[in-house]
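Trainee: The structure follows.
Protein chains: 2
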Amino acid sequence: MSVRDTAVLAKEGARKLAALNGETKNRALEEIRLALSSRREEIFAANGKDLERSRKENLAAPLMKRLTFDQSKLDEVMTGIASLIALDDPVGKRLKATELDRGLNLYQVACPIGVIGMIFESRPDALVQIATLCLKSGNGVLLKGGSEAKETNRVLADIIGEASAKAGCPAGWIQLVESREEVQEMLGLDGLIDLIIPRGSNSFVQYIMKNSNIPVMGHADGICHVYVDEKADPDKAVPIVVDSKTQYVAVCNALETLLIHRSVAPFLLPRLREALEAKQVELRGCEETRRIIDVKAAGESDWETEYLDYILSIKVVGSLDEAIDHIHRYGSGHTDAIVTEDRGTAEEFMNRVDTADVFWNCSTRFADGFRFGLGAEVGISTAKIHARGPVGMEGLMIYKWRLYGDGHIVEDYSSGRKQFTHRPLS
Amino acid sequence: MSVRDTAVLAKEGARKLAALNGETKNRALEEIRLALSSRREEIFAANGKDLERSRKENLAAPLMKRLTFDQSKLDEVMTGIASLIALDDPVGKRLKATELDRGLNLYQVACPIGVIGMIFESRPDALVQIATLCLKSGNGVLLKGGSEAKETNRVLADIIGEASAKAGCPAGWIQLVESREEVQEMLGLDGLIDLIIPRGSNSFVQYIMKNSNIPVMGHADGICHVYVDEKADPDKAVPIVVDSKTQYVAVCNALETLLIHRSVAPFLLPRLREALEAKQVELRGCEETRRIIDVKAAGESDWETEYLDYILSIKVVGSLDEAIDHIHRYGSGHTDAIVTEDRGTAEEFMNRVDTADVFWNCSTRFADGFRFGLGAEVGISTAKIHARGPVGMEGLMIYKWRLYGDGHIVEDYSSGRKQFTHRPLS
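Chain order of the listed sequences is W and G.
Counting in the working numbering, the final residue of the first sequence is number 904, and the numbers go up one at a time with none missing.
Counting in the working numbering, the final residue of the second sequence is number 904, and the numbers go up one at a time with none missing.
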């Protein structure tokens, strides 16, 4: 079956799924939970094959760990499904209600987007999370997982499709896409796939964004900044910088460039160096930084690099303006923080910095759907439309306009025989 | 100056505009209103040149009319600006507030998208509407108007730029793009232009959608349907079909294909023919239609054509399912209506039809920002993300996440020393 045929099936399934009520979808989620548990040996066996093949192919240890789907992963995804069941049905939520005229009522009502093309990495547990999120939100899904996990992914997709069908979900809403070439085909399916959500390396995400007319939700880079202002409290600045940089270096919300105000640099940079070097962070500084602390030189390319590693670039700036200009020039619009005791400066920073997450006196590492309390996280977006920053299930929703009339025609209004009331309805 | 340089200026201006308070923006709108009035002779003179040139170039009469910017058009745009001033500032509106932990508060706050690339047709009054909408919503704008209106557009853009600067708006937020070739350049400016809103012919909009990685908000086709159900009230069905088709034929929300249930077709089609032919509508029917009324034959291509003219295609269907399948196969996701006295059928239609506007017992012509009570209309979107159907000023908005802490770091939470509260704030 071609990817196009697969997408057609997903579209048909999605349209039926969109019209299901919340109880049916919750029953399907419960069936999936039960089936995952009762068929766990089958899942573990498939995962064993993936692990064995990958071991022979010398897959790196961290990837082997991500690939593993064992009882503890199963428990995690089952807990995730239970919390999804507990959520209100997002479909049909009334966003706005207006009486246009007597007997002519307009409702803006939340509905699913349609078919989501999800491209994710080796973790098979992500497949379950994504698929169940799509089910709850009424979206069909084309799933492309890592080829390392293909046996596990097949069993999981199979279980989810069968179990959800048992509860009355339409066939076809969940589809697996397996090869790299098929991704290329996916990118051309405008009109069948409504939104692509890629997770993977920067260059991969960038490639997808450049090579598809389908809207893409995600982020390529995460070049995050902390600006330590002249009014910063050193006892907040040091832990915030250390946490932002080192709490987990390999992620998009980790700090990459520290901006520090000239007036506090001589006093604070030595303290920061001590704390960061204790965590094995390599520092690279601008010239002015290097006149204060003895570190490697940072070049132009450092400002535009997402290290994802124990490396931090440092630049001394003379003003808030200069800090903001640097962020706009080199940042990726992901997360930028200011450390200051001056509320006015903080508000100005947060007003002016054009970034999804603007933080005051806290670590950039808070930029995350779980920490934000969004429930399940669909991803993090640096787009400027639809959804921005950490995105929960509402990122999989759009709305339609439902207009209820009783024979109303426009001619009556354009001729002046009738007038619109445009009264908000409660 | 290249289009890229222009867009850089707009981006810089937009970032400053985004941080302005509502009073400053309203003062700027008031200055624009005053300047348009005091410099009206200059505007009319420029418009005179455009009209003269276009007359020599034999511009069609309807386009000449759209090109005209006279006192009555001036009055209209001035009224529009006054109503914009009366609206609340959309920037800074709090969409969500959550306490993540004591002293760590998260706010989701509305903010402008950034730089809008607006491509519109010959009407110079559209330039004023769009520019003032962008100003109120804090967005920079690159405006590409029709070349027929170039003299008028220049004067208007000039007035708006100068008058807004007088009130403290940043230079550069409004930029004019003049040639067709420059549109091509605009399409490649990802990262500088955040959203393109094209208005124009279907093929032009489609071209833009296919040839840019910048998100596009708009619609290419408007292939709208009315489905007359077996439980339709004939006294509602006939006026709704006539109004949907003929109230204004040259627009995207006009009816193009009538679907009618087999059980009412023999009785209703003759009545519909009489009413439609009285309005000079040419009918084209499927075979079954033609066994009931003597009309031209409709072929496959009719179902996928947006006539924008006094032509209507008609298809007899055997069920709601068949009607919905036809709409999903040939429709453009713009506006589709059902005529029925059965509320259950109506709800099923509105749940299942995957279209921006789903209407019950009223004309498709209601699909319009003004009629929906949205205030100024930015456009109509058939996209599946961000904004759908008639789009008001909220289509020019996105949000950012503002997190207020007091030295909070993530390590405290991942180590278990602290717990998130995730409590909604009022």
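C-beta: ideal position from N, C-alpha, C; glycine also.
(1) Unbroken alpha helix (DSSP H) runs of length 4 or more, entirely within the region 738-765 of chain G: which are they?
(2) Would the beta-carbon of Arg866 (chain G) fall within 7 angstroms of that of Ile876 (chain W)?
(3) Compile a chain-ordered list of the residues in the region 556-581 of chain G whose CB is closer than 7 angstroms to at least one CB of chain W.
(4) Going by DSSP in three states, Tyr685 (chain W) sits in which element: helix, strand or coil?
(5) Give me the Cα-Cα distance between Thr724 (chain G) and Gly570 (chain W), rounded to the nearest whole angstrom.
(6) Can Val831 (chain G) and Ile858 (chain G) be called in contact, C-beta distance under 7 angstroms?
(7) Just to make sure I have the definition right: I need the residues of chain W whose C-beta is within less than 9 angstroms of the C-beta of Gly592 (chain G). Which are they?
(8) For the region 874-899 of chain W, enumerate the residues whose C-beta is nearer than 8 angstroms to any C-beta of chain G, in chain order.
(9) Below 6 angstroms CB to CB, which residues in the same chain sit around Glu819 (chain G) once its five sequence neighbours on both sides are set aside?
(10) CA-CA distance, Ile563 (chain G) and Asn504 (chain G)?
(11) State yes or no: is the beta carbon of Leu613 (chain G) nearer than 7 angstroms to at least one beta carbon in chain W?
(12) Rounded to a whole number of angstroms, what is the C-alpha to C-alpha distance between Val655 (chain G) and Gly623 (chain G)?
(13) Give a yes or no on whether 7 angstroms exceeds the smallest Cβ distance from Lys503 (chain W) to chain G.
(14) Just the C-alpha distance for Thr783 (chain W) and Gly809 (chain W), rounded to the nearest angstrom, thanks.
(15) Between the beta-carbon of Gly796 (chain G) and the beta-carbon of Arg740 (chain G), is there less than 7 angstroms?
(16) In chain order, what residues of the same chain lie with their CB nearer than 8 angstroms to the CB of Ala589 (chain W), ignoring the 5 residues before and after it?
(17) What residues in its chain sit with their C-beta under 7 angstroms from that of Val727 (chain W), if we drop five residues either side in the sequence?
(18) If you check the beta carbons only, do Leu733 (chain W) and Ile792 (chain W) fall under 7 angstroms apart?
(19) By the DSSP assignment, the alpha helix (DSSP H) with Asp713 (chain G) in it spans what residues?
(20) Using a Cβ-Cβ cutoff of less than 7 angstroms, which residues in the same chain neighbour Gly491 (chain G) once the five nearest sequence positions on both sides are dropped?
(21) Sort out for me which residues DSSP pairs Gln586 (chain W) with in a bridge.
(22) Among residues of its own chain, excluding the 5 on either side of Glu554 (chain W), which ones have a beta-carbon nearer than 8 angstroms to its beta-carbon?
(23) Do Val593 (chain W) and Asp672 (chain W) have their C-beta atoms within less than 7 angstroms of each other?
(24) Compare the C-beta of Leu673 (chain W) with all C-beta atoms of chain G and state if any pair is closer than 7 angstroms.
(25) Pairs of beta-carbons, one from the region 883-894 of chain W and one from the region 576-584 of chain W, closer than 8 angstroms: are there three or more?
(26) I need the DSSP call for Val773 (chain G), collapsed to helix, strand or coil.
(27) In the DSSP assignment, find the unbroken beta strand (DSSP E) run with Ser791 (chain W) in it and report its ends.
(28) For Arg843 (chain W), which option in W:Pro717, W:Thr484 and W:Ala539 has the closest C-alpha, if you only look at C-alpha atoms?
(29) Note down, in chain order, every chain W residue with its Cβ under 7 angstroms from the Cβ of Pro717 (chain G).
(30) In the DSSP assignment, the beta strand (DSSP E) including Pro676 (chain G) goes from what residue to what residue?
(31) In the region 835-866 of chain G, which residues sit with their C-beta less than 7 angstroms from some C-beta in chain W, listed in chain order?
(32) For chain G, check one thing: does any of its Cβ atoms lie closer than 7 angstroms to the Cβ of Arg493 (chain W)?
(33) Tell me Trp838 (chain W)'s beta-bridge partners as DSSP assigns them.
(34) Taking 7 angstroms as the CB-CB limit, is Lys757 (chain G) close to chain W?
(35) Can you tell me which of G:Ser625, G:Val606, G:Ile887 and G:Pro540 puts its alpha carbon nearest to the alpha carbon of Ser642 (chain G)?
(36) Which residues does DSSP list as the beta-bridge partners of Leu621 (chain W)?
Mentor: Judging by the given coordinates:
(1) 743-755
(2) yes
(3) Thr576 and Leu578
(4) helix
(5) 33 angstroms
(6) no
(7) Asp832 and Lys862
(8) Ile876, Tyr877, Lys878, Trp879, Arg880, Leu881, Tyr882, Gly883, Asp884, Gly885, His886, Ile887, Val888, Glu889, Tyr891, Ser892 and Phe898
(9) Lys709 and Asp711
(10) 5 angstroms
(11) no
(12) 8 angstroms
(13) no
(14) 9 angstroms
(15) yes
(16) Sequence inspection shows Cys at residue 589 (chain W); the Ala mentioned does not correspond to that position. So the list reads Ala496, Val569, Gly570, Gly616, Met875, Ile876, Tyr877 and Lys878, once near-sequence residues are dropped.
(17) Leu786, Asp787 and Tyr788
(18) no
(19) Pro712 to Thr724
(20) Gly618, Pro648, Ala649, Gly650 and Trp651
(21) W:Lys574 and W:Trp879
(22) Asp603
(23) yes
(24) yes
(25) yes
(26) coil
(27) Ile789 to Val795
(28) W:Pro717
(29) Gly885 and Ile887
(30) Leu673 to Pro676
(31) Asp835, Val836, Phe837, Trp838, Asn839, Cys840, Ser841, Arg843, Phe844, Arg849, Phe850, Gly851, Lys862, Ile863, His864 and Arg866
(32) yes
(33) W:Ile816 and G:Tyr882
(34) no
(35) G:Val606
(36) W:Met596 and W:Leu654
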